[in-house]
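**Q**
2 protein chains.
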Amino acid sequence: MIEDKNQKKTALSDLGEFGLIEHLTAQFECSHPSTLKGVGDDAAVLDNLNKVTVVTTDLLIENVHFDLAYMPLKHLGYKAVVVNLSDVYAMNATPTQITVSIAVSNRFPLESLEELYAGIHLACRQYKVDMVGGDTTSSEKGLIISVTAIGEADKDEVVYRSGAKTTDLVVVSGDLGGAYLGLQILEREKQVFLVNPNNQPDLEPYAYLVQRQLKPEARQDIKLLLKQLDVKPTAMIDISDGLSSEIKHICKQSGLGAVLYENKIPIDPLVLTTSEEFQMHPLTAALNGGEDYELLFTIPVKDHDKIKGNPNLTVIGYMSDQHEQAFLHSKADELIPLTAQGWNAFG
Amino acid sequence: MIEDKNQKKTALSDLGEFGLIEHLTAQFECSHPSTLKGVGDDAAVLDNLNKVTVVTTDLLIENVHFDLAYMPLKHLGYKAVVVNLSDVYAMNATPTQITVSIAVSNRFPLESLEELYAGIHLACRQYKVDMVGGDTTSSEKGLIISVTAIGEADKDEVVYRSGAKTTDLVVVSGDLGGAYLGLQILEREKQVFLVNPNNQPDLEPYAYLVQRQLKPEARQDIKLLLKQLDVKPTAMIDISDGLSSEIKHICKQSGLGAVLYENKIPIDPLVLTTSEEFQMHPLTAALNGGEDYELLFTIPVKDHDKIKGNPNLTVIGYMSDQHEQAFLHSKADELIPLTAQGWNAFG
């Protein structure tokens, strides 16, 4: 690939803060009836017709949450929005607005921020949310992104982590472990690149895994799907830190235990073969890998027939009355306590 | 002052992310009727009884927005909340909830974060807002704080920047320039300290200025005051970047010009004497200093009698039909164009 090294780059100081905000947000249009006022005042103003509002926020730091060596800025912008929307869907709510704040060091030209905002814009269109505000400033080091997502739901639709009941079935959407193995692939290619910069990586065989890591999607389909199936989850959470960590959250907040079956956990064939390549147990990726942004929820056992056979959903276990104790029922018929390795930024 | 250098410090890695969030947020209680669910789920859930919701967010970066050399962490936590609430008040709304995300490098022990959260907690009590969520992670360098504030108002109460009309009076609360001179004092003492660490600064004579910088308050009283006076502002903004920058925002969004009178701009006597000490024109601090968090608003000229003589409010000029042109009418009877130096993080 021949790169034009003389592409024009615009220094951020040429625009100033207000000019930069105007420039970056000019392409965003608000279309939600509830958005009375978006960017451009002291605060956004949202209308609310007797629904509940949900709000969630995430802070993403360069070299802690993402590595620009293999994360294109457009994907980063997309993912930064999606991970927040995933939290809104995990409340069984519908996201309606986001705010996006960024801090960047002087090493970023305007064109880089345009890429980032192109990804944010794409996510806004894909998930039909309005970008209604934010903040743009400089950092001493690296790129920092803070996204807050706001959503709405009818009061009786909202699903907390705390509502699971004993004997409820534990259900997960999609498959698990892909995003973590995608990260391993990208890390490996980065090391190869550092040794030999002329090496062109062939990521094609791992396309699914890399996409799960670089351009994850939030499960906006599940709320409608469950409504159509006439199933209301009793508890729900999104899988950002890994299945072990998330089921333990549901256990803790519902005051219950859980048993998950090893042989029921949905794992893509490519996760199996790639795990082997990395000499890693595929279950490690599924249980502790995180970033899959699938939904984990519990439903009454009476609703089993309604979801049985649905290709989007897998029953992986049940809630028990063993207070806060979550176990994996292994293929060898052993009960192994699940440990929430989760993701510890301070580890 | 004798300092105990052997105070026990707790490494953040001892707690892990979830432990840290639990520890730091344990003292926060939710009391707003609209807070259905605070910290501890994928998202907070807010009820909304036919009011509008306003939302605003700020991102604060160490050594860009604050200097821990003279900013105590408790004050920083307090100020990080207050600057966001100020934006809510500037919509003529009442803040109800905040989210707080922080990223810290490993150099911060738990006790530092406890100080920070003590300040956040104090602000929550002072302004009667609920802390309903956030994110806690690590940074590569320094402390990063992202606050999102949510507020509510009746639909007909909300005041935008865009509603000013020709001949409207321009009004400001409190006095201006103090926070900027407070910063100059603190910067000077820091330089003295760097040369001679044994020097004990005497900040007492500058107490008002230092307090304006380190522990600013948002004008939560103005909404009620104006209601009692039966005055509804036509446009409003808070003064975070300096009077020049803010009046130009109102001009631009209202499609009008403005004339401000130099001799009407409210400046505290201590700002006058301290400006002299720094060989600076006090007007520079008032016009371009920023961080005063007073409210700037416009009212119909017919309401002049209602606010006249109120010690909290000063009429400083009027809106003109000169499209987007803001002038200072100087003591020498000259019209000087106001330039929005504002605060350019990328300058």
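So the sequences go chain by chain: P and A. Quick note on the working numbering: the first sequence kicks off at 5 and runs consecutively. Quick note on the working numbering: the second sequence kicks off at 5 and runs consecutively. Here a beta-carbon is modelled for each residue, glycine too, at the ideal position from N, C-alpha and C.
(1) Among residues of its own chain, excluding the 5 on either side of Leu229/A, which ones have a beta-carbon nearer than 7 Å to its beta-carbon?
(2) Using the Cα positions of Tyr82/A and Lys306/A, report the straight-line distance between them to the nearest angstrom.
(3) Roughly how many angstroms lie between the CA atoms of Leu247/P and Leu218/P, to the nearest whole one?
(4) Starting from Phe331/P, trace the beta strand (DSSP E) in both directions and tell me its first and last residue.
(5) Restricting to runs no shorter than 4 residues, where is the alpha helix (DSSP H) found entirely within the stretch 280-337 of chain A?
(6) For Met323/A, which residues in chain P fall below 9 Å Cβ to Cβ?
(7) Under the DSSP definition of a beta bridge, which residues are partnered with Asp62/A?
(8) Does Asn52/P get closer than 8 Å to chain D when you measure Cβ to Cβ?
(9) Residue range of the alpha helix (DSSP H) that Leu187/P falls in?
(10) Tell whether a beta-carbon distance below 8 Å holds between Asp139/P and Leu173/A.
(11) According to the neighbour-count rule (16 or more other Cβ atoms, all chains shown, within 10 Å of its Cβ), is Asp272/P buried or exposed?
(12) Residues of chain P with CB closer than 7 Å to the CB of Tyr164/A, please, in chain order.
(13) Under a CB-based cut-off of 8 Å, is Met284/P close to chain A?
(14) In chain P, what lies closer than 9 Å to Ala94/A by C-beta?
(15) Just grab the DSSP bridge partners of Met75/P for me.
(16) Leaving out the 5 sequence neighbours to the left and right, which residues in its chain are closer than 6 Å to Glu66/P when beta-carbon positions are compared?
(17) Show which residues of chain A have a CB atom less than 7 Å away from the CB atom of Asn67/P.
(18) Return no unless some Cβ of chain A is closer than 8 Å to the Cβ of Gly138/P.
(19) Indicate whether at least one CB of chain P lies closer than 8 Å to the CB of Asp158/A.
(20) DSSP three-state call for Thr343/P: helix, strand or coil?
(21) Mind listing which residues of the stretch 97-115 of chain A have their C-beta closer than 8 Å to chain P's C-betas, in chain order?
(22) Which ranges would you report for the alpha helix (DSSP H) in the stretch 89-160 of chain A if only whole runs of at least 4 residues count?
(23) Please classify Phe32/P: does DSSP put it in a helix, a strand, or coil?
(24) Against chain A, with Cβ distances strictly below 8 Å, would Ile243/P count as a contact?
(25) Does any CB atom of chain A fall closer than 8 Å to the CB of Leu300/P?
(26) In angstroms, rounded to a whole number, what distance separates the CA positions of Phe282/P and Gln195/P?
(27) How would you call Glu354/P, buried or exposed, if buried means at least 16 neighbouring beta carbons within 10 angstroms?
(28) Could you tell me the boundaries of the alpha helix (DSSP H) in which Val214/A lies?
(29) When you compare only the Cα positions, how much space is there between Gly178/A and Leu300/A?
(30) Using the Cα positions of Val176/A and Glu298/A, report the straight-line distance between them to the nearest angstrom.
(31) Any idea what DSSP makes of Lys252/P, helix, strand or coil?
(32) Note down, in chain order, every chain P residue with its Cβ under 8 Å from the Cβ of Asp62/A.
(33) Using 10 angstroms around the beta-carbon of Arg129/A, count the other beta-carbons present and answer buried if the total reaches 16, otherwise exposed.
(34) Please classify Asp45/A as buried or exposed, where buried requires at least 16 neighbouring CB atoms within 10 angstroms.
(35) Determine the closest residue to Lys78/P out of Glu118/P, Thr100/P, Gln101/P and Asn54/P, with distance taken between C-alpha atoms.
**A** This is what the structure holds:
(1) Position 225 of the second sequence, counting from 1, holds the residue named residue 229/A. Asn316, listed in sequence order.
(2) Locating residue 82/A in the second sequence gives position 78, counting from the first residue. Locating residue 306/A in the second sequence gives position 302, counting from the first residue. Taking the straight line joining both Cα atoms gives about 38 Å.
(3) Residue numbering aside, residue 247/P sits at position 243 when the first sequence is read from its first letter. Residue numbering aside, residue 218/P sits at position 214 when the first sequence is read from its first letter. If I take the Cα positions, the gap works out to 20 Å.
(4) Within the first sequence, residue 331/P is the residue found at index 327, counting from 1. Residues Ala330 to His333.
(5) 308-311
(6) Along the second sequence, read from residue 1 onward, the residue named residue 323/A stands at position 319. By Cβ distance, chain P contributes nothing, its closest Cβ being about 17 Å from Met323/A, past 9 Å.
(7) Your numbering for residue 62/A matches position 58 in the second sequence. Paired residues: Val151/A.
(8) Absence of chain D from the displayed structure is noted, the protein chains being P and A.
(9) Reading the first sequence from its first residue, position 183 is the one you call residue 187/P. From DSSP, the alpha helix (DSSP H) with Leu187/P extends over Gly182 to Val199.
(10) Mapped onto the first sequence, residue 139/P falls at position 135. Mapped onto the second sequence, residue 173/A falls at position 169. Their beta carbons are not under 8 Å apart, which means Asp139/P does not touch Leu173/A by this criterion.
(11) Residue 272/P sits at position 268 when you count from the first residue of the first sequence. The residue in question, Asp272/P, is buried, as its Cβ has 16 or more Cβ neighbours within 10 Å.
(12) In the second sequence, residue 164/A corresponds to position 160, counting from 1. Result: Lys41 and Asp45.
(13) For this step, residue 284/P is matched to residue 280 along the first sequence. Using a Cβ-Cβ cut-off of 8 Å, Met284/P does not count as an interface residue toward chain A, since no Cβ of chain A sits closer than that to its own.
(14) Counted from its first residue, the second sequence places residue 94/A at position 90. Within 9 Å Cβ-Cβ: Asp45, Asp46 and Ala47.
(15) Your numbering for residue 75/P matches position 71 in the first sequence. BP columns for Met75/P are empty, so no partner.
(16) Residue 66/P sits at position 62 when you count from the first residue of the first sequence. Closer than 6 Å at the Cβ level, and outside the excluded window around Glu66/P, lie Gly146 and Leu147.
(17) Residue numbering aside, residue 67/P sits at position 63 when the first sequence is read from its first letter. Ordered by position in chain A, the residues that pass the 7 Å Cβ test against Asn67/P are Glu144.
(18) Position 134 of the first sequence, counted from the start, is the residue given in the question as residue 138/P. Chain A, which has a Cβ nearer than 8 Å to the Cβ of Gly138/P, makes this yes.
(19) Reading the second sequence from its first residue, position 154 is the one you call residue 158/A. Interface criterion not met: the Cβ of Asp158/A is under 8 Å from no Cβ in chain P.
(20) Along the first sequence, one-based indexing puts residue 343/P at 339. Thr343/P falls in the coil class under three-state DSSP.
(21) Ala97, Gln101, Thr103, Ser105, Ile106, Ala107 and Asn110
(22) 114-131
(23) Within the first sequence, residue 32/P is the residue found at index 28, counting from 1. Three-state DSSP puts Phe32/P in coil, outside helix and strand.
(24) Within the first sequence, the letter at position 239 stands for residue 243/P. So no, Ile243/P is outside the interface.
(25) Sequence index remark: in the first sequence, residue 300/P carries index 296 (1-based). Taking Cβ atoms only, chain A never reaches closer than 8 Å to Leu300/P, which makes this a no.
(26) Numbered from its first residue, the first sequence carries residue 282/P at position 278. Numbered from its first residue, the first sequence carries residue 195/P at position 191. Cα to Cα, the separation comes out at about 15 Å.
(27) For chain P, the structure presents residues 5 to 351; residue 354/P sits outside this window and is missing.
(28) The residue given as residue 214/A occupies position 210 in the second sequence. Ala211 to Leu218 is the extent of the alpha helix (DSSP H) around Val214/A.
(29) Numbered from 1 along the second sequence, position 174 holds the residue referred to as residue 178/A. Numbered from 1 along the second sequence, position 296 holds the residue referred to as residue 300/A. Their backbone Cα atoms lie some 10 Å apart in a straight line.
(30) The residue given as residue 176/A occupies position 172 in the second sequence. The residue given as residue 298/A occupies position 294 in the second sequence. Spanning the two alpha carbons is a distance of roughly 7 Å.
(31) Mapped onto the first sequence, residue 252/P falls at position 248. Note: Lys252/P maps to helix in three-state DSSP.
(32) Locating residue 62/A in the second sequence gives position 58, counting from the first residue. The answer, in chain order, is Ser105 and Asp139.
(33) What you label residue 129/A is simply residue 125 of the second sequence in a count that begins at 1. Counting the other Cβ atoms within 10 Å of the Cβ of Arg129/A gives fewer than 16, which makes it exposed.
(34) In the second sequence, the residue the question calls residue 45/A occupies position 41. So Asp45/A ends up on the buried side.
(35) Along the first sequence, one-based indexing puts residue 78/P at 74. Out of Glu118/P, Thr100/P, Gln101/P and Asn54/P, Glu118/P has the C-alpha closest to the C-alpha of Lys78/P.
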